[in-house]
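Encoded as structure tokens, the structure appears first; notes follow it.
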Amino acid sequence: MKEAFINFKRHAALLGSYFAQYAKVRVSYRGDFFISAATSMTATIFSLGFVFVLFERVPTLANWRMEEVVFLYGFSLIPFGLFNVFSLNLYEFGATYIMEGKFDRVLLRPLSSLFQVVFDAFRIEALQEVVVGGIVVVWAARRLHYHWHLVDIVLLTLFALCGGVIYLSVFLFLSTFSFWFEDRIGIHPPFWNLLAFGRYPLSIYSSYIQFLLSWIIPFGFATFYPASRLLGRPEFRVYAALIPLVAAAAFALAVTAWRVGLRRYSSTGS
Amino acid sequence: MAAAQTFPLPVHKPSPLAGLKVYAEFVRIGFVNILAFRLRYYTGIITYLINVTVYFFIWRAVFANATGPIAGFSLPQILTYVSAGWILRSFYWNTIDQEMAYEVIDGKIAMDFIKPVSVQGMWLARAMGESAFRLILLTAPTAIIVTLLFPVLPPASKLNFALFLAAAIGSFFIMGALNFIIGTCAIPLTSILALIRAKFWLIELLSGLLIPLNFFPRPIQVLSSWLPFEHIAYTPLQIYLGRLSLAETLRLLAVEYFWVAALLFLGHLWWIRATRKITIHGG
Amino acid sequence: MPEAPLISVHALSKHYRSFKRREGILGGLRNLFHREYQTVKAVENINFEIGRGEMVGYIGPNGAGKSTTIKMLTGILVPTSGEMLSNGFVPWRQRTAYVKTIGVVFGQRTQLWWDIAAIESFKLLRRIYDVSQRDYDERMELFNQVLGLTELLDVPVRKLSLGQRMRCDLAAALLHNPPILFLDEPTIGLDVVAKDHIRQFLRAINERYKTTVLLTTHDLDDIEELCRRIMIIDRGTVLYDGPLSRLKEQFLRTKQIKFILRDGDQSARLAAFEHNLPALAPNGDSSAATLRLERLDEMTCRLRFDRARVSSSDLIRQILAAVDVRDFVIEDEPIEEIIKRIYSGEAEMSSYQPVEKDSSPVTR
């Protein structure tokens, strides 16, 4: 127990060093950083286009007012942005770590392999999604005459963090497939498309899809349930209390999958 | 002053057919390349099914309270639009921009300079191989599953279907030419991940795939008619649904193919510019 | 009292299941739906022990199982069967504790952060390996002296030449002063000066810290300059394990005499000598392996002979009697030739008897 704590402290201390190391890399490519930040932000704004164009024509979606859907959409960007700070390594895990053999190097260092992979890069520019999402949420809240209480802000922060953990867990879990299947692109793309599901009220989908998004790939717990709770909508209220539990369970499952994958890797080597 | 002397060097002139053979080889490589990854194949089919499903439910919810057509679309029409749109996308989509980016990072792109073929032609040939693969193994099964699961209307007429196919081929070329332009950006920029993502959303939106362009505010529709993107999905799908007169259809097809030529030419120029820079930096 | 070996490997095997890729479009289509596998025995029942301070060369053709062995020794791979103890650890069972006690350099891949100055990598590695500032400073000073790192440290790693990068990589692998160092092709692609630099450094480290070194290489000069002991592996099994000197003794078959003729008038006499060559061979056996004369140029000749069957002094006497020679030299068959014969199975391994291990540190 004490050993685990010391180990944790060691990794926590090194997190700062890893961040500093990556910051140095980014500073050496300043131009690239700004271009990347600008294009990412453009991408985020384009992705909002669908909702805004759609609501030009229709006032409500399954009893959700346009501003409420926009609030949900905006909120969904916040945990996603937090997750995206670390997502690059997960997307590229199959290509650079497994296929190009960088993972051998990871195993030769006296640190947790998961730690080294997740914190090898910090895409700080992904925080633009948090910013854009925040602006959209504030805009929608104003149109809804939303009264922000301290509790709401605390809850929003907590939900956003849990959502980030859920995204991280799902995509980490998917990355572990690279231990079994060699492919540069990996298994992520369809799930990346699944994200779109979570950005609209779950009530528009059939019950199968609602079940899928709650209990199989719990994106609903990252976006819809928290946003419903924040908006004070009646449907699915009990689910909000489960959010931290789902995040913890998803993370535990992903870490277990990683361990199994690690064992597989060390018995095949590629 | 000595006049420049010309020597009658033996010039090896490859027959045009031999040139085609080289590209055919790249088409084959593109095809086999995708075949090598079965995971990508299975996830590909699932991706398309997911997308059709998401937009199916969204549109159904949109029309739930509607009393008549919205922006000239009835519910069956819009559901067909979405389904046919994603089936079409499974054909025209390719990832040569991403592959070019990988090759720039690996330094493999240098090998392209020494191949005695047009680099653009080579990448397009690879994309063609990829699309041929998609057509047979991705588009066809996706189309079958989607038509079984969702209410898809048949094309307006045989002629409409034929013209839709012609437009779909144009979609492929516009997409391929655009991706070549984006991929070439990897040479000066090295990391084009964000650029690819921005292009992704721009095209999903302005191609009319996610939402027909006549849902857009008027000024954006006007702006869009001066851009190539709407010919990727909106034009072929309008033709499929028979929402245009024959004259209008033919006019749009002509505009689409004008854009094919223009984008290929632009890509050609951009490649020359981007690679000139590389030699200055000495690689 | 004999010291316990630092690394001991017993009956180690590693088998893979590999996927058989079918060729062509049709084959590719079939691959989508059905796959066939085959078992590859990358390493098959190898045994060895390495003592503290030894420098061992591990050689073999591509795909012989060298990298697989190194990966098992470094804890990356778990063997299919067999046992291994390295520095008191079972590598794959106590990975993080074990890797703190080893240094690894892959010649083709760097462990340094590519885009930033090498010194930044050193600073982070110091923290990763918990090296105290004092030890760090002391070692960096040694590395600076022997490897001349000073002018390299502030350059982004991607701008370093291969040789410069290798110097930095070696220093990075040794920052935590590991008792064991694994090197996978440390001199691959380097020029002569850079190779020499690396070898000198390895000798210095071995001398100063008694670091045990296991290196794989295709460059036999590495072995001749660094290792007293050599292990040859092919198709997953160890073919030879022992001192380099014994390898020569045991498998050296041919020697060669190079001689330079005094003047151009010797041609006729040389032809006569060549004609009489079969008579010099024992029992008139003049097969190519026993005696062979080649003309390297107008004046230079090379006579190869089987050292077991023909005595060199006899041969020299005969040459001197037959032609007028300005200069001559006797050489052993190059070590490459010996190893090539071992790989091809020509050298009779059955005649080789493993002798008791010589585990004294090599500090030449």
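Chains as they are written, first to last, in the working numbering: chain L, 28 to 297; chain P, 915 to 1197; chain A, 6 to 369.
Heads up, the beta-carbon is just placed ideally off N, CA and C, and yes, glycines get one too.
These figures come from a predicted structure and were not determined experimentally.
*Considering Met145 (chain A), what are the terminal residues of the alpha helix (DSSP H) in which it resides?*
Note, Met145 (chain A): alpha helix (DSSP H), Gln138 to Leu152.
_Let me see if you follow: with CB-CB separation under 8 Å, is Arg136 (chain L) close to chain A or not?_
yes
*Ordered along the chain, which non-local residues of its own chain (more than five positions away) have a Cβ less than 6 Å from that of Phe977 (chain P)?*
Leu989
*Would you call the CB atoms of Ile102 (chain L) and Tyr194 (chain L) closer than 8 Å?*
The sequence given here places Phe at residue 102 (chain L); Ile does not occur at that position. In this structure, Tyr194 (chain L) does not lie closer than 8 Å to Phe102 (chain L) by Cβ.
*Count the CB pairs spanning the stretch 196 to 213 of chain A and the stretch 116 to 136 of chain A that are closer than 8 Å, and state whether there are at least three.*
Three or more beta-carbon pairs separated by less than 8 Å are not found between the stretch 196 to 213 of chain A and the stretch 116 to 136 of chain A, which leaves the two stretches without contact.
*Residues of chain A with a CB under 8 Å from the CB of Leu41 (chain L): which are they?*
Arg132 and Ile133
*Determine which residues of the stretch 59 to 93 of chain L have a Cβ less than 7 Å from any Cβ of chain P, and write them out in chain order.*
If the cut-off is 7 Å between Cβ atoms, the stretch 59 to 93 of chain L has Asp59, Ile62, Ser63, Thr66, Ser67, Thr69, Ala70, Phe73, Ser74, Gly76, Phe77, Val80, Leu81, Glu83, Arg84, Val85, Thr87, Leu88 and Ala89 near chain P.
*Give the single residue among L:Arg286, L:Phe61 and L:Ile162 whose Cα lies nearest to the Cα of Arg150 (chain L).*
L:Phe61
_Residues of chain A with CB closer than 7 Å to the CB of Lys29 (chain L), please, in chain order._
Those do not exist, as Lys29 (chain L) stays about 16 Å from chain A at its closest Cβ, beyond 7 Å.
_For Pro261 (chain L): DSSP bridge partner residues_ = BP columns for Pro261 (chain L) are empty, so no partner.
*Going along the chain, which unbroken runs of the alpha helix (DSSP H) with 4 or more residues stay wholly within the stretch 194 to 229 of chain L?*
215 to 221
*Do you know offhand how far Thr69 (chain L)'s Cα is from Asn116 (chain L)'s?*
If you take the alpha carbons of Thr69 (chain L) and Asn116 (chain L), they lie about 22 Å apart.
*Rounded to whole angstroms, what's the CA-CA distance from Leu1151 (chain P) to Gly1084 (chain P)? Just pull it up for me.*
13 Å
_Comparing C-alpha positions only, which one of A:Ile238, A:Gln261 and A:Arg233 sits nearest to Pro248 (chain A)?_
A:Arg233
_Inside the stretch 252 to 277 of chain A only - beta strand (DSSP E) runs reaching at least 3 residues_ = 259 to 266
*Just reading off the alpha helix (DSSP H) that Gly1097 (chain P) is part of, what are its end residues?*
Lys1072 to Leu1103
*With 16 other Cβ atoms within 10 Å as the buried cut-off, status of Leu1073 (chain P)*: Here Leu1073 (chain P) is exposed, its C-beta having fewer than 16 other C-beta atoms within 10 Å.
*Partner residues on chain A for Val52 (chain L), Cβ-Cβ distance less than 7 Å*: Trp118, Asp120 and Ile121
*Step through the CB atoms of chain A and report whether any lies within less than 8 Å of the CB of Tyr56 (chain L).*
yes
*Residue burial classification, Leu1166 (chain P) (beta-carbon count within 10 angstroms, cutoff 16)*: buried
_Between the alpha carbons of Pro983 (chain P) and Pro1126 (chain P), how many angstroms are there, rounded?_
Using only the alpha carbons, I get a separation of about 13 Å.
*Report yes or no: is there a C-beta of chain P within less than 8 Å of the C-beta of Asp210 (chain L)?*
So, interface residue.
*Secondary structure of Phe248 (chain L), DSSP reduced to three states*: helix
*Give the residues of chain L in contact with Ile104 (chain A), contact being defined as C-beta atoms less than 7 Å apart.*
What sits at residue 104 (chain A) in the sequence shown is Val, not Ile. The answer, in chain order, is Leu135, Arg136 and Pro137.
*Quick one: using the 10 Å Cβ neighbour count with 16 as the cut-off for buried, is Tyr100 (chain L) buried or exposed?*
buried
*asked:* Using CA atoms only, rank isn't needed, just tell me which of L:Arg291, L:Phe113 and L:Gly213 is closest to Arg954 (chain P).
replied: L:Gly213
*asked:* So, under 8 Å CB-CB, Gly112 (chain A) and Pro183 (chain A) are touching, yes? Tell me the CB distance rounded to an integer number of Å.
replied: About 18 Å; that fails the 8 Å criterion.
_N-terminal and C-terminal residue of the beta strand (DSSP E) that Asp311 (chain A) is part of_ = Thr305 to Asp311
*asked:* I'd like to know whether the C-beta atoms of Ser1121 (chain P) and Ile1146 (chain P) end up nearer to each other than 8 Å.
replied: yes
*Inspect the beta-carbon positions of Ala1188 (chain P) and Pro1102 (chain P) and report whether they are closer than 8 Å.*
Yes, Cβ-Cβ distance for Ala1188 (chain P) and Pro1102 (chain P) is below 8 Å.
_If we define contact as Cβ-Cβ less than 8 Å, is Thr295 (chain L) a contact residue for chain A?_
yes
*Does Ile231 (chain L) get closer than 8 Å to chain P when you measure Cβ to Cβ?*
yes
*Round the Cβ separation of Ile262 (chain A) and Ile324 (chain A) to the nearest angstrom and send it over; I've been treating them as touching at under 8 Å.*
7 Å
_Closest by C-alpha distance to Ile1095 (chain P), when choosing among P:Phe1027, P:Gln1012, P:Asn979 and P:Leu1141_ = Closest option to Ile1095 (chain P), judged by alpha-carbon separation, among P:Phe1027, P:Gln1012, P:Asn979 and P:Leu1141: P:Gln1012.
*Can you name the start and end residues of the beta strand (DSSP E) that Asn52 (chain A) belongs to?*
Glu41 to Ile55
_Per DSSP, what are the beta-bridge partners of Met4 (chain A) in this structure?_
Nothing about residue 4 (chain A) can be reported from this structure: the residues present for chain A run from 6 to 369 only.
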